[in-house]
Every structure is written in structure tokens, then in C-alpha cells.
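Residue numbers (our numbering), protein chains in the order written: chain A, 72 to 352; chain B, 286 to 636. Cβ coordinates follow ideal geometry from the N, Cα and C atoms, glycine included. Every value quoted in this text rests on a predicted model; they were computed, and no experiment measured them.
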Amino acid sequence: MMKIRNTAFPYFIWLGIFIVVPLFLVLYFAFTTGDSQTLSEFTFSLDNYKRFLTPIYLNVFYRSVWLAVVSTAICLVLGYPIAFIISKEKAKTRNVMVLMLVIPMWMNFLLRTYAWLTLLGKNGIINYIAGKLGFQELDLLYNDTAVLLGMVYNFLPFMVLPIFSVMSKMDRNLIEAAEDLGADRRRTFLKVIFPLSLPGVITGITMVFIPAVSTFVISSLLGGNKSTLIGNLIEQQFRYTGDWHFGSSMSIILMVFIFLAMALTSKFDKEKEGEGGGGLW
Amino acid sequence: MTKFHAIDLIDISKDFGDSTVLENMNLYIRQNEFLTLLGPSGCGKTTTLRIIGGFEAPTSGKVIFEGEDITKQPPYLRQINTVFQKYALFPHLNVFENIAFGLRIKKTPKDDIALRVAEMLRLVNLSGYEKRDIESLSGGQQQRIAIARALVNEPKVLLLDEPLGALDLKLRKEMQMELKKIQKSVGITFVYVTHDQEEALTMSDTIVVMDKGRIQQIGTPTDIYNEPRNRFVAKFIGESNIIEGTMLEDYKVEFAGKIFSCVDRGFENNEPVDIVIRPEDLDIVPLEEGQITGRVISVTFKGVHYEMEVQNGSFTWTIHSTVMKGIDTEIGMRVIPENIHIMKRSVYDEN
């Protein structure tokens with residue numbers, strides 16, 4: 072026991088400085104008011120929460136959650152078949168396919184999102200081709216669809232990889248056992264393959280939903296001013312408005328929300344399936 | 286019903302890429318018999334089983350089920366069920382749902398399912414385990430559930446792929462008895478795959494000894510043990526002394542520099558043959574009474590008996606006896622004519 076503690080010591084320092092202390096700072100700011108810029112005379116207060124519970128902010132919050140849910144759903148609908156197809160391939164083809172899925176992630180996240188600006192913009196490639204074909208100029212950028220597109224594009228691998236991982240480790244004998252017991256392909260999928268892949272699905276949902284609900288880069292690049300999300304609100308408080316207290320309160324609200332959402336999915340996960348997955352919780 | 290064999294395999298060959306796993310295999314399996322495919326790993330026994338189950342398509346040849354060609358039928362349409370090597374129980378379902386799986390697929394009425402699952406659990410001695418998680422069961426219990434899950438579908442043929450391989454010795458012995466009992470009580474054809482010769486001898490009505498994708502011998506356990514057809518079978522089934530000799534004429538064979546009378550006939554005069562003598566069939570006698578004499582070069586205690594190696598010229602005999610003779614003792618050995626088994630030479634090429 073002691074040995075493990077000793078070697079883990081540097082990690083605990085790291086943990087303390089970069090995670091625990093900042094978290095307490097956020098917590099402290101979240102429940103106080105005062106002048107964040109001079110860092111003096113803070114008083115305990117719940118005003119920030121009252122402020123958040125007004126329609127303007129609540130609407131932003133609802134919209135963030137809604138867009139995250141929709142993008143997670145699209146990722147699932149697209150990602151599940153992709154994972155299924157890849158896992159059925161021979162080892163060599165499989166590696167190539169996974170690589171193709173992962174390669175875009177080697178590029179900087181910002182760069183990838185900027186690339187969509189040139190694709191979707193008024194003078195972008197898509198509008199250029201549409202114009203040549205005689206279509207009217209399309210308004211592709213700075214709306215919710217563009218934000219959704221950005222989310223799905225950026226987070227899809229996080230859905231595919233955990234599902235693929237569970238499926239490729241699935242015992243082939245189980246599939247043969249189902250066939251042996253009279254199940255055709257469709258029923259083998261519904262009764263064995265799908266239930267056994269659920270841990271991967273849960274992990275995928277978690278890994279897509281969390282970054283999607285808290286993103287501010289995608290929404291500010293592709294959504295413009297019209298598409299403010301909770302992530303943008305928090306960013307604004309720290310970078311422009313300078314109201315660290317309100318920013319911290321919103322961070323806490325978002326954290327609690329994500330925590331509850333994940334606790335719910337992990338409960339569902341445990342009820343449906345005991346083992347075989349790489350759940351985050 | 287009985288006019289058909291349960292299964293006929295006709296000229297089955299199977300290639301995986303460049304390697305041939307099965308070569309022109311012909312085999313019939315009678316209704317309600319316990320047939321064992323026995324052989325070392327890589328002999329093609331599991332492939333044979335998978336071809337019967339429909340998980341593998343033969344490269345050429347036909348699979349006949351009760352007179353009907355099922356070569357192209359997918360597994361889910363065959364009236365055959367399998368007990369897989371590692372049980373392959375569904376981890377997301379409990380014991381009841383695992384056994385009920387096949388019945389649910391067939392849309393059996395609920396009451397009926399409950400009755401039949403309960404009956405199966407009784408058969409495998411696990412009544413009251415309905416609600417248990419698969420992972421909470423021991424290897425032996427999982428094994429029984431796997432058998433129940435297959436049998437509940439009332440298959441005509443049950444395939445078992447080394448089902449006892451993962452169990453410890455004591456449990457394995459128990460399960461051997463139990464499987465045999467189950468087979469008798471449900472009265473269906475069992476096709477059993479194993480590499481354990483003792484298991485095969487204990488349980489089977491018919492043993493098919495396989496090696497290198499070919500059938501080496503088909504017979505009852507006694508046939509296989511007492512009358513091995515070639516060196517491979519003799520070596521694979523139990524321990525044996527295999528010595529080269531010459532069949533002088535009917536009922537007369539020469540080996541180890543002596544002439545013995547035997548019960549075999551039908552060979553050419555002076556035909557070179559292989560002679561098999563089981564270690565327990567050699568009796569130790571005083572030196573002067575011995576047909577064969579030799580010097581004891583090693584003694585090993587084996588529990589029920591001693592195993593001794595006796596050097597005679599260039600050949601080392603293995604004998605099993607409850608009487609121990611010390612190392613370097615010169616002893617005599619006798620063998621009765623019925624225990625001298627003559628095999629044609631080079632029926633089987635060891636390489």
C-alpha cells in the first residue's frame with residue numbers, strides 16, 4: 072500500500088495544483104460576489120444563480136442541451152453502423168479503416184473547424200458549386216445546423232471508437248450460439264449483438280455529449296453571434312465581461328447537470344449490462 | 286425414422302487457404318448413438334463438428350441429415366444444437382433467459398417455456414438457479430446450463446465441442462458419467478469432440494479416431510483399444526509397445542527374435558507387420574520361463590501399478606505390473622496369443 076502511495080506522490084501534487092485547487096476556486100467564486108478584477112471584498116451570495124434562472128440564460132442552457140442531445144443522437148445513428156461494419160472486417164482492413172477515422176483527429180481541432188468556414192461560407196466551395204449548377208446562394212453558415220454539423224464532425228470518432236472496441240472484442244462464439252439456437256441474422260443482432268454492445272454505446276454517448284454540451288469553439292466559429300451556447304456564456308464572463316463569479320456559477324451548474332446526466336446513464340448501464348465495456352464511471 | 290442415419294458425411298473436404306484440414310471424409314452417424322471424434326489438436330475434429338453444425342461450409346462434399354441434403358442450410362435452420370467449448374452463454378441474460386433463448390426465438394408460449402426450462406434445469410441438477418447471473422456460476426454449472434440451453438430445443442443431434450476441457454479432473458469424471466446418463470435419458474444422437482482418449486473410451490458407443498484430416502479408424506471403444514488398425518491409433522489410444530515383425534503364416538508371427546503363435550490370419554506369408562502389445566498384457570515370469578527376456582532399466586510408481594521399462598536387444602518394452610522388479614533385474618515376460626495384435630505395416634504414414 073505504502074509503495075503505491077510513494078510512487079503516486081508526484082501525481083497527487085499535480086492533481087492538487089491543477090485540479091483540486093482550481094475546482095475550489097471555481098466553487099468559491101461561484102458562491103460569492105464582488106469585484107473580480109481587483110480580487111477584493113467578496114461576500115457570500117446566491118445572486119448569480121438567481122440571475123441564471125431568468126429566461127435569457129435558461130433559453131441558452133436549453134438550447135445547448137438540445138443541440139448536444141441532437142448531435143449525440145446523430146453521432147449514434149451514424150457511428151453505430153460504422154463501428155459495426157469496421158468490426159466485421161478482417162484485421163488488416165479494420166486497421167486501415169480505424170486509421171482513416173482517426174487521422175483527421177491528428178489535425179488541430181480549431182483548424183478542422185476553421186476548414187468548415189471555407190466550405191460553408193458565402194464564397195465557399197459548396198456555394199460555388201451550387202452556383203455553377205444554377206442554385207441560389209445557400210445560407211449554410213452561422214446557424215444551428217452549421218453548429219450541429221461541426222459537433223457531429225468533430226465528435227463522431229468518440230462515438231465510433233468505444234462501440235468498435237466493444238464489438239471487436241465480442242466473443243464470436245456468442246453469435247454462433249445465437250444462430251445455433253435458431254436466431255437468424257436480424258434476431259442475432261437484436262437479441263445478442265446489440266445488448267452486448269451497449270457498454271460501448273453508453274461510453275460513446277458520454278464521450279460525445281460532454282464536449283458537445285460545453286463547447287464554445289464550434290458555436291462561436293460556425294454559429295456566429297446568433298448561436299450562443301452555455302459554453303460561450305461562460306467564456307464571455309471570463310474573457311470579456313470579467314464577471315468571474317457569474318462564469319463560475321454557470322460552470323458549477325453545467326458540471327452538476329453533466330454529473331447527473333452521466334449518473335443516470337451509468338445507472339442504466341449497470342442495470343442492462345454487468346461487464347465487457349469501458350464505461351467512464 | 287430409423288431407416289436413415291442421423292448424419293451422413295459424404296466426401297467432405299475442407300481447405301483453409303492452402304492447408305487442407307479435411308480430406309475426403311466419409312462417415313455415417315447412427316440414430317441415438319454417442320459418437321466421439323477423437324484426435325490430437327489440428328486433426329480436423331472440430332472442423333468436422335462445425336461443418337455438421339453449419340458454421341463452416343465444406344469445400345466439397347455433402348452433409349446429409351436424416352436423408353436430406355443440408356449442406357447449404359444455415360445453422361439456424363438445422364435441427365442440430367451445439368454445446369460450445371467455452372460454453373458461450375449469454376452474459377447479458379440470466380440462467381432462465383439463456384435456456385429459454387431458443388424457445389423464445391421460436392415464439393413458444395410463455396407457460397410452455399417456463400415448464401420446459403424447469404424440466405431442463407431438473408435434468409442437469411440445477412433447479413432453483415433460474416434467476417442466477419451467468420457469471421456467478423462455477424465452470425461445471427455453466428457447462429450444465431450450456432447443455433440445458435441446447436437440449437431444451439429438442440434437437441435431433443447434439444454437438445459437443447470438448448465441453449469438459451476447462452473442468453478439473455474430478456469434475457470432468459463426474460460430468461462424463463452425467464453426460465452419458467443424459468444422453469441415454471433423452472435418447473438423441475450425441476456427436477462429441479475430444480482429444481482425451483480416456484474420455485472417449487468411457488463415454489462412446491462409437492469412436493472415430495482422426496489425424497491430419499483423415500479418419501484413421503472407426504469402431505467401438507473395445508475395437509479401437511484391442512484392435513488398433515495402425516501405429517497412430519495404437520499410440521494415441523493408451524500406452525502400447527509397437528514392434529516390427531514378420532507374419533510367417535496364419536497364426537504365426539515372428540518378432541523380438543522369437544516365434545509366437547497368435548490369433549490373426551489373412552496376411553501374406555512372410556509379410557512385414559507391426560505388432561502391438563499393451564503394457565498390462567505382458568506378464569512377469571521367472572527368467573527361464575520368459576518368451577522374452579530383458580533387463581529392467583527404469584521403474585516408476587503409478588499408483589495402481591508400477592511402470593517398468595525393460596531392455597531387450599534394441600527394443601525397450603513398457604510393462605505395467607503390480608509386482609515391482611528392481612532396476613538391473615533380469616526378468617522374463619510372457620504374453621498370451623489373444624493379446625498379440627497384428628497390424629498391416631504402413632497403413633499409416635507417420636510423417
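Item: Contact the stretch 205-220 of chain A vs the stretch 290-300 of chain A: 3+ CB pairs below 8 Å; Value: yes
Item: Sequence-distant residues of its chain with Cβ nearer than 7 Å to Ala291 of chain B (five each side left out); Value: Ile314, Arg315, Gln316, Glu351, Lys441, Val442, Thr474
Item: Span of the beta strand (DSSP E), counted from its first residue to its last, around Arg619 of chain B; Value: 615-619
Item: Same chain, Cβ closer than 6 Å to Glu308 of chain B, neighbours up to 5 away in sequence not counted; Value: Ser298, Gly498, Arg499
Item: Three-state secondary structure assigned by DSSP to Val306 of chain B; Value: strand
Item: Three-state secondary structure assigned by DSSP to Pro322 of chain B; Value: Just to set this straight, residue 322 of chain B is Leu in the shown sequence, not Pro. Looking at Leu322 of chain B - three-state DSSP - the assignment turns out to be strand.
Item: Contact the stretch 193-206 of chain A vs the stretch 158-173 of chain A: 3+ CB pairs below 8 Å; Value: no
Item: Residue environment, Gly349 of chain A, which counts as buried when at least 16 other CB atoms sit within 10 Å; Value: Caution is warranted here: a pLDDT of 39 is assigned to Gly349 of chain A, below 50, making its placement in the model unreliable, and no coordinate value can be reported.
Item: Proximity of Gln370 of chain B and Gly472 of chain B at Cβ, strictly below 8 Å; Value: no
Item: Interface partners of Ala248 of chain A on chain B, CB under 7 Å; Value: Phe369, Ala373
Item: Rounded C-alpha distance that separates Arg183 of chain A from Gly221 of chain A; Value: 9 Å
Item: The stretch 243-270 of chain A: positions lying closer than 7 Å to chain B by Cβ; Value: Asn244, Leu245, Glu247, Ala248, Glu250, Asp251, Leu252, Gly253, Ala254, Asp255, Arg258, Val263, Pro266, Leu267
Item: Beta-bridge pairing of Ile627 of chain B - partner residues as DSSP gives them; Value: B:Ile560
Item: Chain A within 8 Å of Ile390 of chain B, Cβ atoms only; Value: yes
Item: First and last residue of the uninterrupted beta strand (DSSP E) at Arg580 of chain B; Value: 577-586
Item: Pairwise C-alpha distance: Gln428 of chain B and Pro394 of chain B; Value: 26 Å
Item: Rounded C-alpha distance that separates Met412 of chain B from Val476 of chain B; Value: Per the sequence shown, residue 412 of chain B should be read as Ser rather than Met. Those two C-alpha atoms are separated by around 26 Å.
Item: Where Ser22 of chain A sits in the DSSP three-state scheme; Value: Nothing in the structure corresponds to residue 22 of chain A, since chain A is present only between 72 and 352.
Item: Reduced DSSP secondary structure (H/G/I, E/B, other) of Asn225 of chain A; Value: helix
Item: Per DSSP, cross-strand counterpart(s) of Leu445 of chain B; Value: B:Val368, B:Tyr477
Item: Contact with chain A by Tyr361 of chain B, beta-carbon distance below 8 Å; Value: yes
Item: Expected contact under 8 Å - CB spacing of Thr143 of chain A and Ile276 of chain A to nearest Å; Value: 6 Å
Item: 8 Å Cβ cutoff met for Phe545 of chain B and Ile430 of chain B; Value: no
Item: C-beta neighbour in chain A for Gly338 of chain B, strict 8 Å; Value: yes
Item: Span separating the alpha-carbon of Ile200 of chain A from that of Glu306 of chain A; Value: 36 Å
Item: Contact set between Asn679 of chain B and chain A, taken where Cβ atoms lie within less than 8 Å; Value: Within the shown structure, residues of chain B are numbered from 286 to 636, placing residue 679 of chain B beyond reach of any answer.
Item: Assigned secondary structure, Gly424 of chain B (DSSP; H/G/I helix, E/B strand, else coil); Value: helix
Item: Cβ pair Thr367 of chain B, Leu422 of chain B closer than 8 Å; Value: no
Item: Coarse secondary structure for Gln596 of chain B, derived from DSSP in three states; Value: strand
Item: Distance, Asn526 of chain B Cα to Gly598 of chain B Cα; Value: 14 Å
Item: Test item: CB-CB of Glu318 of chain B and Asp490 of chain B under 8 Å; Value: yes
Item: Interface positions of the stretch 376-388 of chain B facing chain A (Cβ-Cβ less than 7 Å), listed along the chain; Value: Pro376, His377, Phe386, Gly387
Item: CA-to-CA distance, Leu170 of chain A to Asn636 of chain B, given in whole angstroms; Value: For Asn636 of chain B, the pLDDT reaches just 42, beneath the cut-off of 50, and the residue's location in the model is therefore unreliable, leaving the point undetermined.
Item: Neighbour list for Asn554 of chain B in chain A, Cβ cutoff strictly below 7 Å; Value: Neighbours of Asn554 of chain B on chain A: none; closest Cβ ~55 Å, over 7 Å.
Item: Nonlocal neighbours in the same chain, by C-beta distance under 8 Å from Gly617 of chain B, ignoring five residues either side; Value: Ile569, Val570, Pro571, Leu572, Glu573, Glu574, Gly575, Gln576, Ile577, Thr578
Item: heavy atom of the ligand ZN below 7 Å from Phe180 of chain A C-beta; Value: This structure does not include the ligand ZN; it has no bound ligands of any sort.
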